[in-house]
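Heads up: the first sequence runs through residues 2 to 271, numbered per my numbering.
Even glycine gets a Cβ: it sits at the ideal position worked out from N, Cα and C.
No experiment lies behind these values; they were computed from the predicted model shown.
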Amino acid sequence: MPELPEVETTLRGIAPHMEGQVIAEVAVRNASLRWPVPAAVAHAEGQKVVACRRRAKYLLVELERGGLLMHLGMSGSLRVCNADDTPRTHDHVDLVLDSGRCIRFNDPRRFGALLWWDRDPEAHALLRDLGPEPLSDAFSGEHLWRLSRGRRGAVKNFIMDGHVVVGVGNIYASEALFMSGIHPARAAGRVSRARYEALAAAIRDVLAHAIRRGGTTLRDFVDPDSNPGYFAQELLVYEREGNPCLQCGAAIRRRVIGQRSSYFCPKCQR
DNA sequence: CCGGACTCCTGGGTGC
DNA sequence: TGCACCCAGGAGTCCG
2 MPELPEVETT LRGIAPHMEG QVIAEVAVRN ASLRWPVPAA VAHAEGQKVV ACRRRAKYLL
62 VELERGGLLM HLGMSGSLRV CNADDTPRTH DHVDLVLDSG RCIRFNDPRR FGALLWWDRD
122 PEAHALLRDL GPEPLSDAFS GEHLWRLSRG RRGAVKNFIM DGHVVVGVGN IYASEALFMS
182 GIHPARAAGR VSRARYEALA AAIRDVLAHA IRRGGTTLRD FVDPDSNPGY FAQELLVYER
242 EGNPCLQCGA AIRRRVIGQR SSYFCPKCQR
């Protein structure tokens with residue numbers, strides 16, 4: 002899944018198929034996702050898709066009245082197919098369009114979500130308290146620096162906290178900290194303002210680059226038209242434990258921080 | 001408010 | 001081949 006670049010790639014894949022189309026049917030084969038898929042998703046039927054958007058890693062399908070909120074969790078994906086294509090294992094929900102095409106939600110681990118909202122998705126409990134988008138003007142080194150004062154938790158956990166900034170998942174957190182020379186376990190409150198400027202720039206760069214490349218392909222990510230992403234081979238530290246740092250040659254280390262694997266260069270990152 | 005642990009679930013890889 | 005075990009991209013929730 003889906004870190005932010007994969008979600009953005011997914012959005013760009015489905016939007017042209019959905020916008021302006023009427024949703025003929027929401028076919029739920031398995032409602033037990035992270036939260037039970039509510040019966041209210043049927044309100045989408047007969048409605049035209051006004052726009053598809055993304056907020057953090059949530060996909061928003063805006064209809065004339067209300068809309069759908071989707072999250073891909075750790076293993077979810079959407080693909081575009083024909084409504085009469087035979088469903089595969091873990092194909093839990095279809096958004097069938099009047100065009101005869103179908104947006105099919107597949108999620109082996111079922112950590113994903115499909116919810117309904119009535120008005121103003123930004124006010125939804127899941128979206129309300131989120132931090133800025135990393136590729137927006139509201140995100141900066143100054144923002145990170147200000148929020149981090151006095152915080153003693155690891156900087157890696159800090160930048161992965163959606164209340165601070167959205168969309169920085171485990172892979173890109175490791176990558177951005179390497180790019181800015183900051184040790185992932187350093188206390189967030191003990192990183193200087195100048196280094197937060199470098200970190201914010203690295204977060205932007207790594208996410209923007211991954212989006213341009215169509216998302217990472219850590220294991221089996223495919224975009225909605227079933228093309229794989231091509232970013233994985235460019236990762237600098239992630240899953241490179243024991244391999245030489247591309248900057249200094251020291252062995253990359255792996256360490257669990259906040260229950261997640263973190264990769265870093267012990268010489269380049271302080 | 002903050003930080004850490006736990007939780008949901010399936011599947012792929014590894015080692016015996 | 002079988003099986004036990006470990007690990008995995010998220011993030012809400014609970015508890016101290």
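Whole-Å CB distance - residue i paired with residue j, under 8 Å assumed
i, j, result
"I258", "G243", "That pair is no contact at about 18 Å."
"L208", "L145", "No, L208 and L145 are not in contact; Cβ-Cβ is about 15 Å, not under 8 Å."
Residues bridged to residue i (per DSSP)
i, result
"S78", "N107"
"E198", "Answer is none; E198 lacks a bridge partner."
"A28", "D95"
"A114", "H72"
"C53", "V62"
"N83", "R102"
Proximity to residue i [Cα-Cα], best of the options
i, options, result
"G113", "G74, S33, D206", "G74"
"Y59", "S78, A43, Q48", "S78"
"A186", "T10, A202, M161", "M161"
"P37", "R55, A251, R111, R54", "R111"
"E46", "E123, L69, A126", "L69"
"P122", "C103, R55, D108", "R55"
"R261", "A57, E240, H210, D86", "E240"
"K157", "I204, R66, G21, R35", "I204"
"S149", "R120, Y197, A126, D130", "Y197"
"A174", "S33, R194, A202", "A202"
"G101", "Q248, N83, A139, F140", "N83"
"G163", "I15, L61, E7, A57", "A57"
"N107", "H125, R120, L128, T90", "T90"
"A87", "C103, D99, C249", "This sequence places Thr at residue 87; Ala is not what is there. Minimum Cα distance to T87 is reached at C103."
Cβ pair residue i, residue j closer than 8 Å
i, j, result
"C266", "F159", "no"
"V23", "Q48", "yes"
"E9", "I212", "yes"
"C272", "L12", "Since the displayed the chain opens at 2 and closes at 271, residue 272 lies outside it and no answer follows."
"W117", "P17", "no"
"E20", "V50", "yes"
"S263", "R256", "yes"
Discussion item. If contact is defined by three or more beta carbon pairs under 8 Å, each pair taking one atom from either stretch, is the stretch 95-105 in contact with the stretch 15-29?
Written reply: yes
Worksheet item: When the Cβ atoms of the stretch 128-143 are set against those of the stretch 159-169, are three or more pairs found closer than 8 Å?
Response: yes
Worksheet item: Counting pairs of Cβ atoms below 8 Å between the stretch 149-156 and the stretch 186-198, do you hit three or more?
Response: yes
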